[in-house]
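Chemist: Numbering (the working numbering), first residue to last: 252 to 714. Just so it is clear, CB atoms sit at the ideal spot from N, CA and C, and this is done for glycine as well.
#1: Compute the distance between the beta-carbons of residue 599 and residue 256, then report whether it is under 7 Å.
#2: Could you pull out every unbroken alpha helix (DSSP H) segment of at least 4 residues lying fully inside the region 470-508, listed in chain order?
#3: If you measure from the beta carbon of residue 280 to each beta carbon in chain B, is any gap under 7 Å?
#4: Check this for me: beta carbons of residue 231 and residue 524, under 7 Å apart or not?
#5: Run the CB neighbour count on residue 491, radius 10 Å, all protein chains shown included, and call it buried at 16 or more, exposed below.
#6: Might you give, ordered along the chain, the residues of its own chain that have their beta carbon closer than 6 Å to the beta carbon of residue 314, omitting 5 neighbours on each side?
#7: Taking all protein chains shown into account, do 16 or more other C-beta atoms lie within 10 angstroms of the C-beta of residue 259, making it buried, or fewer, making it exposed?
#8: Do you know how far the Cα of residue 372 is from the Cα of residue 384?
#9: If I measure Cβ to Cβ from residue 658 and keep anything under 8 Å in the same chain, skipping five residues before and after, which residues do I get?
#10: Taking DSSP as the reference, what is the three-state secondary structure of residue 658?
#11: Select from 404, 642, 419 the residue whose C-alpha is nearest the C-alpha of residue 413.
#12: Alpha carbon to alpha carbon, what distance is there between residue 301 and residue 639?
#13: What residue ranges within the region 386-452 form continuous beta strand (DSSP E) runs of no fewer than 3 residues, ordered along the chain?
#14: Rounded to a whole number of angstroms, what is the C-alpha to C-alpha distance between residue 507 and residue 542?
#15: Look at the alpha carbon of residue 472 and the alpha carbon of residue 489, and state the distance between them as a whole number of angstroms.
#16: The alpha helix (DSSP H) with residue 466 in it runs from where to where?
#17: Can you check whether the CB of residue 540 is closer than 7 Å to the CB of residue 644?
#18: Please state the DSSP three-state secondary structure of residue 636.
#19: Alpha carbons only, please: which of 274, 581, 377 is nearest the one belonging to residue 306?
#20: In whole angstroms, what is the alpha-carbon distance linking residue 283 and residue 587?
Laid out in structure tokens, this is it:
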């Protein structure tokens with residue numbers, strides 16, 4: 252069975268054939284660094300880390316580009332609101348994202364370009380698009396004329412006559428309100444760069460077209476990102492790059508969201524769960540298992556109960572590994588994963604089906620240990636480690652050193668704290684606020700911070 256991927260543009264699962272034999276090129280839209288990452292942000296990086304690892308297992312030489320949007324309306328607004336230079340906000344949050352990726356075991360990208368480092372490439376692309384009649388300057392802004400590109404909106408399957416183009420402040424002088432800004436004229440107090448059309452700064456979409464062209468050429472295999480990027484961001488990237496003369500991406504792959512109460516996790520909605528908080532309360536390898544287990548195109552409805560289920564499920568895997576090593580000694584990963592696991596992964600990265608194969612091997616291994624069949628137990632352990640390895644979940648891998656179950660009392664602490672919080676909730680329900688406040692204060696004295704959220708109380712360790 253050949254490797255197959257769902258392509259958003261064609262709306263079907265297609266056989267994957269690399270543009271260059273033996274090589275795979277991936278461009279992932281990375282972070283807009285106006286704030287620290289929540290687990291919804293990190294899910295995208297993690298899903299494409301699994302993709303990258305699977306391509307690597309299949310013998311491909313992978314070039315993985317993940318950009319950083321370090322100049323953007325949101326970054327500038329955050330700086331103005333806090334009185335902090337925009338570049339300090341961008342760099343601090345870029346570090347926070349990378350710490351999150353590292354904590355959850357994501358391999359570093361081959362290249363991680365920043366938007367602000369590629370203004371010359373953006374100018375070159377704008378000049379080419381203006382010369383070809385696809386873009387124009389007005390009031391210091393540079394716009395893409397969408398009616399000059401017949402393929403526009405094929406990715407998002409919209410009709411041009413019904414289009415409502417998102418628009419930012421200061422986008423004046425459009426010939427058609429459906430045109431989008433590639434470059435924004437300078438405003439007082441905002442960062443700007445000199446161009447042939449006056450000083451200004453990048454629009455959101457141009458940077459990715461320019462950076463993909465620079466690092467991956469005029470054609471590459473996979474462009475990835477979250478579902479929310481299909482329009483306008485990815486649609487506008489296609490218009491810019493294809494009109495410039497690039498073939499651009501062969502596959503468009505989009506991961507689904509992490510939701511809370513049915514809504515996309517978002518800082519603006521106040522329903523986000525920061526990675527920096529989560530890794531205090533849950534082992535990072537368990538968080539990776541939780542986020543990687545569903546199919547990348549399936550929504551994850553966040554809940555503490557679901558996380559505890561993931562923790563229990565992963566504990567069964569670790570329990571077998573520990574018992575097998577105690578009885579049989581340390582065993583290296585098998586050189587190949589089981590055929591059924593490989594077939595599941597080749598079918599649009601079917602991680603849920605692949606994990607079913609893994610858990611079957613764990614059960615068989617436990618049965619072999621019970622029967623004192625060391626040969627079978629060793630074989631299953633080698634298979635389990637191979638499968639976990641390609642998912643970035645082998646607890647014996649050195650990247651998870653220091654996060655072993657024996658070094659972590661989270662499960663015990665969480666159960667005890669939840670019991671106390673249930674007592675506090677009961678006190679609040681009967682309007683005994685003095686008792687509820689006293690419980691909260693006692694937990695605070697023990698080093699725990701309690702936050703009341705729409706989904707219930709949440710605890711973290713005070714630093």
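Modeler: Let me spell this out:
#1: Yes, they are a contact pair.
#2: Counting only runs of at least 4 residues, the region 470-508 fully encloses the following alpha helix (DSSP H) elements, listed from N- to C-terminal order: 486-495.
#3: Absent from the structure: chain B. Only one protein chain is present.
#4: Residue 231 falls outside the range modelled here, since the chain spans only 252 to 714, and no answer is possible.
#5: Of the residues assessed, residue 491 falls on the buried side of the cut-off, its CB having 16 or more other CB atoms within 10 angstroms.
#6: Correct list, in chain order: 276, 361.
#7: It is buried - the Cβ of residue 259 has at least 16 other Cβ atoms within 10 Å.
#8: Answer to the nearest angstrom: the Cα atoms are 19 Å apart.
#9: Note that residue 658 scores a pLDDT of 46, beneath 50, so its modelled location is shaky and nothing firm can be said.
#10: Note that residue 658 scores 46 on pLDDT, short of 50, meaning its location in the model is unreliable; the coordinates nonetheless yield the value given after this. In the structure shown, residue 658 sits in a helix (DSSP, three-state: H, G or I).
#11: Out of 404, 642, 419, 404 has the C-alpha closest to the C-alpha of residue 413.
#12: Answer to the nearest angstrom: the Cα atoms are 11 Å apart.
#13: For the beta strand (DSSP E) assignment, the uninterrupted runs of no fewer than 3 residues enclosed by the region 386-452 are, from N- to C-terminal side, 386-389, 392-395, 431-436.
#14: So the alpha carbons of these two residues sit roughly 11 Å apart.
#15: Each residue's alpha carbon lies about 14 Å from the other.
#16: It spans 457-467 - the alpha helix (DSSP H) in which residue 466 sits, taken as one unbroken run.
#17: Against a cut-off of 7 Å, the Cβ pair of residue 540 and residue 644 comes out as a contact.
#18: The three-state secondary structure of residue 636, taken from DSSP, is helix.
#19: Cα-wise, what sits closest to residue 306 is 274.
#20: Residue 283 and residue 587: Cα-Cα distance of roughly 38 Å.
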